[in-house]
Every structure is written in C-alpha cells, then in structure tokens.
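Here our numbering = 1-based position in the sequence shown + 16. In this text, a Cβ means the ideal position worked out from N, Cα and C, and glycines have one as well. Have a look at the structure below, then the notes.
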Amino acid sequence: MKHLWQQTHSFPAPVRLLMANQFAINLAFYMLMPYLAAHLAGGLGLAAWAVGLVLGVRNFSQQGMFLIGGTIADRYGYKAPIMAGCLLRTVGFGLLGWVDNLPALIAASAATGFAGALFNPAVRAYLAAEAGERRVDAFATFNVYYQAGMVLGPLVGLALLAADFRLVCTVAAAIFTLLTVLQWRALPARRGEAPGATPGNVLAQWRTVVANRPFLLFALAMTGSYVLTFQVYLALPLAAADVLGDKGTWVTSGLFVVSAAVAVVGQLRLTGWAKRRWTPAQALVRGLTAMGAAFVPLALAPPEAPAAVLTALVLAVVLLAVGGAVVYPFEMDTVVTLSGNRLVATHYGLYNTVSGLGITLGNLTTGALWDFAEHEDALWLTWCSLAATGLACAASVAALARSERLIARAEAPLAPA
C-alpha cells in the first residue's frame, strides 16, 4: 500500500485524479451491474429474452461505440467526453432503478453503455498524454485502481441490496454525479499534443487510423488475450459448476476476487520487474504466453477429481491475472507508440471496438466448443484450444516485433478530408 501511495503521488495531479476517477467508476459500475439481471427477472418479472435484450444493448452500445467516443475526444479534447460519460451514467443508473417498462430500461441501458464508450478512450488518451515518458508506470498504477474498484463494487452493492435495489442505483448514480462535478472543477482541459491531431472531418480521421497497418495488426494479434481474460466469466464458471455443482457459484465468486486481488497486490511489482528485464515486446510475448499456459492445468486435471479441478481453477486464475498484469501497461503504451502520438483516443477507440468484437466471436466459439467437448466427454479440448489461443497471440506479437512493426511510426500526414 505504501508503494502504491508513493507511486500515485509521483504523477501530476491530473493523472492522480484520473486514477481516483477510474476507481470510483468501477466501484459504482460493479456495485450495480452484477445484480441487474436478477432485478430485471425477479423484481420486475421480465422474460429471459427481455433481460438478455437489456443487457445486450448495454454491451453493444459500449463496444460498438468506442470508436465514436475516441473520435469525439480527439476532436473536442479529453475533458468533455469524460464529463459527458459520467453525466450519462448518472442518468442511466438512476433510470435503471426507477423505471419498470422495457423501452425505458433499454434507453437506460444504452445510456450506460455509451457513457463507457465516451470516457474510456478519453481517459486513456489523457493519461498517456499527461504521463509522458512514464506511460508504462502510469498505466500499471491505473490498473491497480481499476481492479480495486472491481473488487469492492460487488461487496458494496451486496450490502446496499439488503435494503433495496433502488438504493443501489441511487448511490451509483450519486457517485457519477460527484464525479461529473469533480471533473468539471478539477480536471484541466487537455488535447493531444501532436500538431494536426484533428483532421478536417470524421471520415478523414478514421481513414488515418485505419491506414495505420502496424496498429491494426497489433489490435488483431491482441484480440485473443481479451477472449482469454473473459473466461473468468464463461469457461471457468462452467467448469466450477460442472464439477462442484451448487458450490460452483461460490467458487466462481472466489476466483473473481483472487483474479482482481492478484492484480491489485502484484501489478506494480510485476511491471517494475518486467521493465528491468525485458523490452516491451518481450513483456507482451511472455505475458501472453503465461495467459495461454493458464489453461494447461485444467487440461491435465482429471474431471472426476474435484480437488484437482479446484486447484487447477485457482492456478488458471492466478496465471491469467499475472499474465494480464504484465501485458496491460505495455499493451496500452504500445497503442500510443503505434499511433505516433496522433489521434490517440481514436486509436484507443478502434482498439477497444476490435477487442469487443473479438470477445463476442470468441465467446460464441468457446461456448460451442464447450458444448461439443462436454457431449464427447473431452473437456480437455476446450482448455487446449484456449491455451493455443494464448500461444498464437504471443507468436503473432513476436512476429510483429521481429518485423519492427511495434516501434514508433514516422510522422505521416493525416488523410485528406
């Protein structure tokens, strides 16, 4: 904790504010979202398809709109979309607790999703610009606050849920209201530093980013890492339920806490250790390899031995968290490097959109493979496929590094309007 405190205070005030901001954003988000489906189905009596629609709209309006959010940030500065996103979350979370008809719930869900698309690319671009040469350290510290919010959010939400779901929504909305005011009063206006960061129109802005071939190849190479990370919500809970039955839910909750706790406790040490020993490309390759290796214990654990499966699940979560902690700050730094420090928020926006699409396709594939493997009594096939995904990501990034496509690109003129 002392190390975190010292590291945080070594950054300029805007960076510290963005870190506190992200902690509060995740605290409010995760105190509500894990319990939304139960409220919609149990409290409001919505059919399962309607619950899926409300949740799906939120995911689509965020993942599908990241590029829009990044574009806005590069054109109008980073502060405005951060404030707008927090304000929109205030409205969306407030509505989720106080409306009971499907159209209003869909509108509220869309608002909460688009809010994330607004402030996520802007926050990361602002952080990168303000941290300068210390981007890797800044993103590592940022991730500690990010994960801490994820850990505490569900616990706070559970305590408030004992009173009423509306109280959960009201408190979450109040947090975003405070954040909106805080950004307005204390966050300096900021734009990308590179000259000519805003082209004549949006299409020219997008053409400039899409024409950045090394960036696109890197985004595609890293997509599998997001599929692997998401297995904490998909394949690992399925494995826990398959072997441990009703106790699987408790095990899943414990795995989620372990994952976030490893990142909170180990992030700064892992980043410092990796910086001293490896180049950024080496850190990415070895972190991705660790993420793929996380699924090997599950492939080897005999399904008829619950203790072995439980041990394998814990090992998988720890390796995923360690690998992800190594990868994240260097990954975020590489996006800035490949952007040439131009249109950084738009690059982050497209990067998140590509990752989101990859998660969707990856989850569909993993789910279908799980059903097939379970039917054939060959669950090892799912784990081996996920391990191979991590190794393929590592090999792809290594190939990009060998071809010198992960170094800063030369300044290029923006695409004509």
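Ignore the nearest five residues each way along the sequence and tell me which others in residue i's own chain have a CB closer than 7 Å to its CB.
i           : result
residue 29  : none
residue 152 : 287, 291, 345, 346, 349
residue 410 : 301, 304, 305, 308
residue 213 : In this prediction, residue 213 scores a pLDDT of 45, lower than 50, which makes its location untrustworthy; the coordinate-derived value is nonetheless stated afterwards. So the qualifying residues of the chain are 90, 207, 358, 359.
residue 106 : 189, 192, 193, 196
residue 258 : none
residue 242 : 371, 374, 375
residue 386 : 251, 254, 398
residue 202 : 33
residue 45  : 169
residue 237 : 409, 412, 413, 416
Taking a contact to mean a Cβ-Cβ separation below 8 Å, would you say residue i touches residue j in this structure?
i           : j           : result
residue 51  : residue 198 : no
residue 34  : residue 142 : yes
residue 286 : residue 334 : no
residue 160 : residue 342 : no
residue 139 : residue 98  : yes
residue 86  : residue 407 : no
residue 244 : residue 416 : no
residue 322 : residue 260 : yes
residue 403 : residue 315 : yes
residue 225 : residue 362 : yes
residue 124 : residue 111 : yes
residue 165 : residue 39  : yes
residue 157 : residue 284 : yes
residue 382 : residue 251 : yes
residue 370 : residue 239 : yes
residue 317 : residue 330 : no
residue 183 : residue 297 : no
residue 47  : residue 129 : no
residue 378 : residue 79  : no
residue 204 : residue 368 : no
residue 76  : residue 185 : no
residue 282 : residue 181 : no
residue 31  : residue 149 : no
Check each candidate in the options and name the one with the smallest Cα separation from residue i.
i           : options            : result
residue 155 : 164, 163, 144, 165 : 144
residue 60  : 356, 121, 24, 202  : 121
residue 384 : 406, 82, 254, 330  : 254
residue 170 : 63, 79, 276        : 276
residue 230 : 31, 45, 413, 25    : 413
residue 74  : 329, 282, 131      : 131
residue 278 : 238, 336, 241      : 336
residue 269 : 70, 249, 258       : 249
residue 222 : 294, 364, 293, 205 : 364
residue 117 : 69, 94, 148        : 69
residue 399 : 352, 148, 312      : 312
residue 218 : 163, 88, 394       : 88
residue 119 : 62, 24, 175        : 62
residue 396 : 320, 418, 419, 37  : 320
residue 49  : 187, 419, 393, 392 : 187
residue 340 : 163, 179, 401, 419 : 163
Leaving aside the five residues before and after residue i along the sequence, list all residues of the same chain whose C-beta is less than 8 Å from its C-beta, in chain order.
i           : result
residue 273 : 167
residue 299 : 290, 291, 342, 343, 346
residue 389 : 395, 396, 397, 398
residue 294 : 302
residue 200 : 99
Between which two residues does the alpha helix (DSSP H) containing residue i stretch?
i           : result
residue 222 : 218-226
residue 122 : 118-147
residue 390 : 360-391
residue 294 : Counting along the chain, residue 294 falls outside any alpha helix (DSSP H), and DSSP gives it neither H nor E.
residue 51  : No alpha helix (DSSP H) contains residue 51, which DSSP labels as neither H nor E.
residue 231 : 229-245
residue 75  : 64-79
residue 98  : 95-114
residue 258 : 251-260
residue 340 : 322-355
residue 26  : Segment: none, residue 26 is in no alpha helix (DSSP H) and carries neither H nor E.
residue 313 : 312-316
For residue i, collect the residues of the same chain with a Cβ closer than 6 Å to its Cβ; drop the 5 residues on either side in sequence, then sort them by chain order.
i           : result
residue 246 : 375
residue 134 : 85, 97, 100, 101
residue 18  : none
residue 210 : Low confidence applies here, because residue 210 scores a pLDDT of 48, under 50, leaving its location unreliable and the question unanswered by this model.
residue 67  : 53, 56, 57
residue 127 : 104, 107, 108
residue 36  : none
Taking 8 Å as the threshold (beta carbon to beta carbon), is residue i in contact with chain B?
i          : result
residue 85 : Within the model displayed, chain B is absent; a lone protein chain is all it includes.
Closer than 7 Å to a non-hydrogen atom of the ligand ZN - does that hold for the CB of residue i?
i           : result
residue 196 : Among the ligands in the structure shown, none appear at all, so the ligand ZN cannot be discussed.
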